[in-house]
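Participant:
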Amino acid sequence: METDTAIQDLTVACVTSVKNATGLELDLTQDTLSILDHYAELVDSPRDEVVSLLAPMCGAYFGEVLRRHLRDGKWDCASDTPEDWRLQFERCSLELNPIGVALEVLTRREAGGWGSHLQVAPVDRAKVDRALSVFGDVREDDFYKFGVRFEGIEQAYLALLNNPEGMAPDP
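Heads up, the sequence shown is in this note's numbering, so the first residue is 1261 and it goes up one at a time.
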């Protein structure tokens, strides 16, 4: 699975930026999402120009963690606009824009038009809704965290694969 050069460059920029700001190293595993959440919290009341730099970096890193953990997914970066980019999972109908997720995490509000929420085929929507209902209500502060978003996306992905054990591929 080849990753678009722009995603690779943004991911490296994120790893470097987080290390410079926190002294902590990101390693493209879900265990480092708490570090990414901490980094996002350091950006207090971010200005638009700061968010426009950080969201693509953090979103690319987040998307790469998802792609590598689930061992599925392909970036669609055909457009020059990150707003149009998508991470599409090949074994199910799930897709989303991880950069939109990062934008929401950084600003702590919905980012309309960015495709940050789970997009699935209409026939799969009820299955995903049931799978996510296991989490119950999520506090707003938690909703805007990479770690919580990761868990929800993973749960939806596994439900779409009809994986009752809840194990990721090749654990």
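Just so you know, even glycine gets a beta-carbon here, dropped at the ideal spot from N, CA and C.
Give the straight-line distance between the Cα atoms of Q1268 and T1292, rounded to the nearest whole angstrom.
Facilitator: Answer to the nearest angstrom: the Cα atoms are 17 angstroms apart.
Participant: If I follow the unbroken beta strand (DSSP E) through Q1268, where does it start and stop?
Facilitator: No beta strand (DSSP E) contains Q1268, which is instead part of the alpha helix (DSSP H) from T1265 to T1282.
Participant: Mapping DSSP to helix, strand and coil, what is R1409?
Facilitator: Correct three-state label for R1409: helix.
Participant: Distance check for V1311 and C1318, CA to CA, integer angstroms please.
Facilitator: Cα to Cα, C1318 sits roughly 10 angstroms from V1311.
Participant: On the DSSP bridge list, what partners appear for E1355?
Facilitator: Partner(s): Q1348 and Q1379.
Participant: If you run the structure through DSSP and keep just helix, strand and coil, what is D1291?
Facilitator: D1291 falls in the helix class under three-state DSSP.
Participant: Leaving out five residues before and five after E1301 in sequence, what residues of the same chain have Cβ atoms less than 7 angstroms from its Cβ?
Facilitator: Closer than 7 angstroms at the Cβ level, and outside the excluded window around E1301, lies no residue.
Participant: How long is the line joining the alpha carbons of P1316 and A1362, rounded to whole angstroms?
Facilitator: Spanning the two alpha carbons is a distance of roughly 7 angstroms.
Participant: Span of the alpha helix (DSSP H) holding D1336?
Facilitator: Looking at the DSSP string, D1336 is not in any alpha helix (DSSP H); the run it does join, the beta strand (DSSP E), is K1334 to D1336.
Participant: Among the candidates L1296, D1340 and A1338, whose CA atom is the shortest distance from the CA of Y1442?
Facilitator: Since the first residue shown for the chain is 1261 and the last is 1431, residue 1442 is missing from the structure and cannot be characterised.
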